[in-house]
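**Q** Take a look at the following structure, please.
There are 2 protein chains.
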Amino acid sequence: MLKRERHAYIMHEIDIHNKVLSSDLSLQLTVSEDTIRRDLQELDEKGILTKVHGGALSKSFHFTLQNNTVYSQPEKKIIAQKARELIKDGMLVLLSGGTTIIELIKSLPPELNATFITVSIPTALELLDHPNGEIIFLGNKLLKNAQMAVGAEVVQRLSEIKCDLCFLGTNSIDVDNGITDLELEVIEVKRAMIRSAKKTISLSISKKLNTVQRMVVCKIEDVDILITELDPTDELLKPYKEKGVEVL
Amino acid sequence: MLKRERHAYIMHEIDIHNKVLSSDLSLQLTVSEDTIRRDLQELDEKGILTKVHGGALSKSFHFTLQNNTVYSQPEKKIIAQKARELIKDGMLVLLSGGTTIIELIKSLPPELNATFITVSIPTALELLDHPNGEIIFLGNKLLKNAQMAVGAEVVQRLSEIKCDLCFLGTNSIDVDNGITDLELEVIEVKRAMIRSAKKTISLSISKKLNTVQRMVVCKIEDVDILITELDPTDELLKPYKEKGVEVL
DNA sequence: AATTTATTTGCGTATTTATGCAGTATTAAC
DNA sequence: GTTAATACTGCATAAATACGCAAATAAATT
Chain X
1 MLKRERHAYI MHEIDIHNKV LSSDLSLQLT VSEDTIRRDL QELDEKGILT KVHGGALSKS
61 FHFTLQNNTV YSQPEKKIIA QKARELIKDG MLVLLSGGTT IIELIKSLPP ELNATFITVS
121 IPTALELLDH PNGEIIFLGN KLLKNAQMAV GAEVVQRLSE IKCDLCFLGT NSIDVDNGIT
181 DLELEVIEVK RAMIRSAKKT ISLSISKKLN TVQRMVVCKI EDVDILITEL DPTDELLKPY
241 KEKGVEVL
Chain U
249 MLKRERHAYI MHEIDIHNKV LSSDLSLQLT VSEDTIRRDL QELDEKGILT KVHGGALSKS
309 FHFTLQNNTV YSQPEKKIIA QKARELIKDG MLVLLSGGTT IIELIKSLPP ELNATFITVS
369 IPTALELLDH PNGEIIFLGN KLLKNAQMAV GAEVVQRLSE IKCDLCFLGT NSIDVDNGIT
429 DLELEVIEVK RAMIRSAKKT ISLSISKKLN TVQRMVVCKI EDVDILITEL DPTDELLKPY
489 KEKGVEVL
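Okay, structure coming up:
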C-alpha cells in the first residue's frame, strides 16, 4: 500500500470518528507503529489533523482520546483478531450488528476484497470505511433500538442468498438454550441469517457466556464456531466443545 | 507497444483501481520501470493522475473535505428551520443524503410522527435517533463515497412508492441545467426519488447556486420548492422564481 | 528506399525515500 | 512513585528515483 493511500485512509478515519489510535492503524494497515507515527506527523505538519500521544485527533472537534467508550475493549479486539482470519478474498460474508462486529470490521486488512452483507446501520457505516469490497444492505423497516432492518422483506431476501460465513455479535449464548435474544423481530432476522449461511460464527465475550434471554434464536448445535477472548482450552468452553462447536 | 497505447492502458487501470504501481505496470507492459516512471510523469504533467512514490493515484482520490461540514453549519441550520415546517404528521417523506439533510433531521420536533424513507446510511443513522416515526431504508448495493444504496433494485422499489415530499440535499443547482451531480449511479437513484414524490424540495446553500456538475439529475422545472439560507427576495433567487420554482 | 532527424527506451550508477528495529527517553496512568 | 505504553534517536536495508548516455525505434526528408 502506498504512503498516500495510507494518508487518505487515516484522514477518512479521522473524518468519521474524529480520532485515531496509532495502535489501531498499525494493525489495520499492517505497518509498524513507527510508520504510522511518521504518517501522523506529516499530516499534522500539513495542518489537517492534530497529533497527540497515542494517535491523532480531528482539527474540528476537540475530543479527548480517553473518551474511548466501548470501542477499544481489549476483549473485543482479541475476538476480532481471531475472527478476521476466517475471512478470505472473494467470500460472501453476512454480518450482524453490535460493537464486536464493528471491532472486527475495523481490524480487517484494507486489501481484503470480500462482499459483505448486513442489515445493521452502524455495521454498514463502518463497512463504508473499508477501502475494498462490496457492501450490500438488505433494507426495509428499521428497528430503532437495534438499529437494524427487520421484517418479512428482509427475511425473504436473506432466503435468496447463500453466504459463506455468518458472523453474529451474540447477546447471550448458553449450552442448553443456544443463542437467545430479546426481540421477536430481531430473532426472525437472525434466524434467516443463520439459515442462509454455510457456517455460523458466534462472537461472544466471556461475560456473555452462559447467559440466557427470553427468546431462542437457534440451538447451540447450529453454531459452527464460537470465538471468545479466552484461550480455546479454557475450562469455561469445554461444554461447548462437547456439543460439537469449534472453539477458537 | 506504443507510448500512446501504454498511456491509455495506464489511465484505464487508474479508472478501475484508482491506483497503479510502477512495478506492476513494468511487468504488465514489459517495459522498464524507467519508462513507466516517465509515462507517469507525463500523465501527471497533463494533470490526469497524481504521481506518488511507487506508482500513481487517481485525481479523484481526494483527502479531506471536512471543512465544509464545519464552515457552512449556520447556513444549513437556517435551511433546516425552513424545511421542517413542510413536514406534517402522517406524511411519507423521502430523504436523500448530505449534511444539510442531517441538519434537517436534527431540527425535527421530537413529537413529529411521519414515515421517513431514505437510501443514505448517515441519514438513516440520524433518523434512528429521532424518538418518533417509522424509518424505511431502501437497500441494496452501497456506494462507498456517496454512502448510499444504488442500483436497479433501489430504483425499482422507489417506483412502487408514492411519497408526499422528497428532500434533496443538492450538490449543484443552476437555472439552465437544473440539478446536476457527479456519478451516474447516484443520478439514477435521485431521479427515481423525484419521480416517486408529489413534491420535490431542493435544499441548497447559496454557494452551490449556479454551479454545474457533469451529469443532469432533473430540470429546474421539476423542482417544486427551493430552500436556501438567503431571504426569498434575494436577487440571486429571482431567475429561479421566474422558472416557476417556489422559493423559501 | 535510403538517409537524416527526432524521439523513445534501457542500463549503470549515484541518490533519495520509505520502513523497520533496537535502545533510550518521555509521557501518562494508576 | 512505580509501571506500562508511547515517542524519539540513530542506524540499517531495501526499494524507488534521477541522471547521463548509448542503443533502438519511429518519423520525416530527400
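Protein chains in written order, with this note's numbering: chain X, 1 to 248; chain U, 249 to 496. Where a beta carbon is used, it is the ideal one built from N, C-alpha and C, also for glycine. Only a predicted model underlies this, so the values are computations on that prediction, with no experimental measurement involved.
#1: Using three-state DSSP, classify I135 of chain X as helix, strand or coil.
#2: I need the straight-line Cα distance from T448 of chain U to I473 of chain U, nearest angstrom please.
#3: Are there 16 or more other CB atoms within 10 angstroms of the CB of K410 of chain U, so buried, or fewer, so exposed?
#4: Buried or exposed: which applies to H130 of chain X, given that a residue is buried once 16 or more other Cβ atoms fall within 10 Å of its Cβ?
#5: Starting from the Cα of D282 of chain U, find the closest Cα among U:Q276, U:D292, U:S271 and give me that residue.
#6: Taking the beta carbon of T418 of chain U as the centre, do at least 16 other beta carbons fall within 10 Å, making it buried, or is it exposed?
#7: Can the beta-carbon of A149 of chain X be found less than 7 Å from the beta-carbon of F385 of chain U?
#8: So that I know if they touch, is there some Cβ in chain U lying closer than 7 Å to that of Q147 of chain X?
#9: Within 7 Å (strictly less), CB to CB, does F137 of chain X reach chain U?
#10: Counting only beta-carbon atoms, is V300 of chain U nearer than 7 Å to chain X?
#11: Residues of chain U with a CB under 8 Å from the CB of I121 of chain X: which are they?
#12: Closest to A400 of chain U by CA distance: which of U:L413, U:I435, U:I421, U:K491 is it?
#13: Taking G303 of chain U as the query, report the chain X residues whose CB atoms sit under 7 Å from its CB, ordered along the chain.
#14: Just how far apart, CA to CA, sit S499 of chain U and V119 of chain X?
#15: At the 7 Å Cβ level, is K410 of chain U part of the contact set with chain X, yes or no?
#16: For K106 of chain X and chain U, any beta-carbon pair shorter than 7 Å?
#17: Do the stretch 458 to 475 of chain U and the stretch 419 to 435 of chain U touch if we need at least three Cβ pairs shorter than 8 Å?
#18: Cutting at 8 Å between CB atoms, please list the residues of its own chain near M463 of chain U, excluding the five before and the five after it.
#19: Could you confirm whether any beta carbon from chain X is found closer than 7 Å to the beta carbon of K307 of chain U?
#20: Could you name the residues of the same chain whose beta carbon sits closer than 6 Å to that of L305 of chain U, not counting the 5 residues immediately before and after it, in chain order?
**A** If we stick to the structure as given:
#1: Stepping through the first sequence from its first residue, residue 135 of chain X is reached at position 135. Three-state DSSP puts I135 of chain X in a strand.
#2: Counted from its first residue, the second sequence places residue 448 of chain U at position 200. Counted from its first residue, the second sequence places residue 473 of chain U at position 225. Using only the alpha carbons, I get a separation of about 6 Å.
#3: As a working mapping, residue 410 of chain U is identified with position 162 in the second sequence. Under this definition K410 of chain U is an exposed residue.
#4: Locating residue 130 of chain X in the first sequence gives position 130, where the first residue counts as 1. Answer is buried; the Cβ neighbour count reaches 16.
#5: Against the second sequence, residue 282 of chain U aligns to sequence position 34. That would be U:S271, whose Cα lies nearest to the Cα of D282 of chain U.
#6: As a position in the second sequence, residue 418 of chain U is number 170, starting the count at 1. T418 of chain U comes out buried.
#7: The residue you call residue 149 of chain X lines up with position 149 of the first sequence. The residue you call residue 385 of chain U lines up with position 137 of the second sequence. The answer is yes: Cβ separation under 7 Å.
#8: Locating residue 147 of chain X in the first sequence gives position 147, where the first residue counts as 1. Judged by the 7 Å Cβ criterion, Q147 of chain X is in contact with chain U.
#9: The count along the first sequence starts at 1 and reaches residue 137 of chain X at position 137. Yes, its Cβ sits closer than 7 Å to a Cβ of chain U.
#10: Sequence index remark: in the second sequence, residue 300 of chain U carries index 52 (1-based). By this cut-off, V300 of chain U is an interface position.
#11: As a first step, residue 121 of chain X is located in the first sequence; it is residue number 121 there, counting from the start. In chain order: I369, A372, L373, L376, F385.
#12: Counted from its first residue, the second sequence places residue 400 of chain U at position 152. Answer by Cα proximity: U:I435.
#13: For this step, residue 303 of chain U is matched to residue 55 along the second sequence. The contact set of G303 of chain U on chain X, defined by CB atoms closer than 7 Å, consists of L2 in chain order.
#14: Residue 499 of chain U lies beyond the range of chain U shown here (249 to 496); nothing can be said about it.
#15: Locating residue 410 of chain U in the second sequence gives position 162, counting from the first residue. Judged by the 7 Å Cβ criterion, K410 of chain U is not in contact with chain X.
#16: Residue mapping note: residue 106 of chain X aligns to position 106 of the first sequence, counting from 1. No, K106 of chain X does not count as interfacial toward chain U.
#17: yes
#18: Counting from one through the second sequence, the residue named residue 463 of chain U turns up at place 215. For M463 of chain U, where only same-chain residues beyond five positions count, the Cβ hits under 8 Å are T428, D429, L430, E431, L432, I435.
#19: Mapped onto the second sequence, residue 307 of chain U falls at position 59. So no, K307 of chain U is outside the interface.
#20: The count along the second sequence starts at 1 and reaches residue 305 of chain U at position 57. Hits under 6 Å: K267, T298.
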